[in-house]
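Heads up: the structure comes next, in structure tokens.
In the numbering used here, the protein residues as written are 2 to 217.
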């Protein structure tokens, strides 16, 4: 009889943009992964400390301002923890135009990421495997973190409940976004939970059936 996976995903909704940030942990060991770094980061920092966890990586689904504004606070709270994102957006951390903070009137930069994420990469965690799936369109370096053992995909701003990510930004591309959803996310099992960067969770089955922008 196969063992039950020991991976838990906690969601915290923070900031003016109501971003969903995620803490991935095993429920047994002390290590955890932090996914996305919205501000204020105090809720995530507090929850990590409340659970007695030790972050080993900060993983970014993409580098738009609302997903990186809390990086300095997280790095300050957890010194030495590496930040990882797709190669296509490494330069965005230090470029207010690309990360969209300049367009909002408050240019923001962050220190460089220490690690690079690539399509098909496997992150070993808690005795399980987390797959990195490149899902560009909303941004060129957007990624999804697929946790197959618990049928869960953390999708950033690629797919939402009954909606999809914006593609009217200068570095966005609508056809690429549609292809990422249809050819990549929609190939996941129907039962897969979809945990987005904003709004409520959904499932692959529900979006394939009723998403008004991209149906299977």
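For each residue, glycine too, the CB sits at the ideal point set by N, CA and C. Owing to the predicted nature of the structure, the values given are computational and were not obtained by experimental measurement.
For residue i, the first and last residue of its enclosing beta strand (DSSP E)
i	result
residue 110	From DSSP, residue 110 is part of no beta strand (DSSP E); its letter is neither H nor E.
residue 12	9-15
Counted within 10 angstroms of its Cβ, other Cβ atoms place residue i as buried (16 or more) or exposed
i	result
residue 145	buried
residue 128	exposed
residue 203	buried
Run of the alpha helix (DSSP H) containing residue i, from where it starts to where it stops
i	result
residue 72	72-78
residue 175	175-180
Reduced DSSP category for residue i - H, G, I as helix; E, B as strand; rest coil
i	result
residue 214	coil
residue 85	strand
residue 2	A caution first: residue 2 carries a pLDDT of 40, below 50, which makes its placement in the model unreliable, though a value can still be read off. If DSSP states are grouped into helix, strand and coil, residue 2 belongs with coil.
residue 202	coil
residue 52	coil
residue 188	helix
residue 154	strand
residue 183	helix
residue 164	strand
Proximity winner among the options, relative to residue i (alpha-carbon distances)
i	options	result
residue 79	101, 93, 86, 53	53
residue 143	57, 207, 93	93
residue 116	18, 85, 140, 99	85
residue 103	36, 151, 152, 171	171
residue 83	44, 55, 101	55
Q | Three-pair Cβ contact test at 8 Å for the region 150-167 versus the region 56-76 | A | Here the region 150-167 lies against the region 56-76, with 3 or more beta-carbon pairs under 8 Å apart.
Q.
Check whether the region 67-85 and the region 39-46 touch, using three or more Cβ-Cβ pairs below 8 Å as the test.
A. yes
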